[in-house]
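Asks:
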Amino acid sequence: MLKGLGGLGDMAGMMKKAQEMQGKMAQLQEDMQKIMVEGSSGAGLVTASCTAKGELKTLNIDPSIFNGDDKEVVEDLILAAIKDAQTKAAERAQEEMSKLTEGMGLPADMKLPF
């Protein structure tokens with residue numbers, strides 16, 4: 309179509325790919341709010357669920373760990389479960405981003421901002 313214009317034909321193709329990438333990135337952002345991951349601690353006594361964007365959605369605490377003397381232990385288990393869920397969310401987000409970049413012909417290890 310733009311063969312007679314030299315490098316402008318390549319520029320048009322690049323612009324089209326950039327627009328396509330922008331659309332896919334917007335869809336991925338939306339999807340990340342729906343993808344859920346779960347982290348746990350204390351052999352499953354505390355579980356936390358969050359979106360792939362790292363937003364905490366649920367926290368479940370087994371009642372057996374409630375004892376007035378164990379307050380600090382319970383707090384540590386809660387924090388550990390949340391951190392585990394957030395780490396898994398970041399890993400999942402990176403997996404999804406890698407799928408997108410590979411599909412666009414970009415290097416798999418290319419890191420794009422969210």
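309 is the number of the first residue of the sequence shown in my numbering; add one for each residue after it. Every residue gets a Cβ at the ideal spot worked out from N, C-alpha and C, and that includes glycine.
For Asn368, which of Gln335, Leu353, Gly376 and Thr359 has the nearest alpha-carbon?
Replies: Within the sequence shown, numbered from 1, the residue matching residue 368 stands at position 60. Here the closest residue by C-alpha is Leu353.
Asks: Give, in chain order, every unbroken run of the beta strand (DSSP E) that is at least 3 residues long and sits entirely within the region 309-365.
Replies: Counting only runs of 3+ residues, the beta strand (DSSP E) found wholly inside the region 309-365 occupies 344-349 and 354-359, in chain order.
Asks: I need the boundaries of the alpha helix (DSSP H) containing Asp392, first residue and last residue.
Replies: Counting from one through the sequence shown, the residue named residue 392 turns up at place 84. Run containing Asp392: Lys379 to Gly411, per the alpha helix (DSSP H) assignment.
Asks: What residues in its chain sit with their C-beta under 7 Å from that of Lys396, if we drop five residues either side in the sequence?
Replies: Position 88 of the sequence shown, counted from the start, is the residue given in the question as residue 396. Val345 and Gly347.
Asks: Flag this pair as yes or no: are the beta carbons of Gly362 and Leu385 separated by less than 9 Å?
Replies: Position 54 of the sequence shown holds residue 362. Position 77 of the sequence shown holds residue 385. No, the pair does not count as a contact, with Cβ atoms beyond the cut-off.
Asks: Just grab the DSSP bridge partners of Asn368 for me.
Replies: Along the sequence shown, one-based indexing puts residue 368 at 60. Answer is Thr355.
Asks: How do the region 369-385 and the region 397-406 stand: do at least 3 beta-carbon pairs fall below 8 Å, yes or no?
Replies: The region 369-385 makes no contact with the region 397-406; the number of CB pairs closer than 8 Å stays below 3.
Asks: Should Gly392 be labelled buried (16 or more other beta-carbon atoms within 10 Å of its own) or exposed?
Replies: Translated into the one-based positions of the sequence shown, residue 392 becomes position 84. It should be noted that the sequence gives Asp, not Gly, for residue 392. Burial call: buried.
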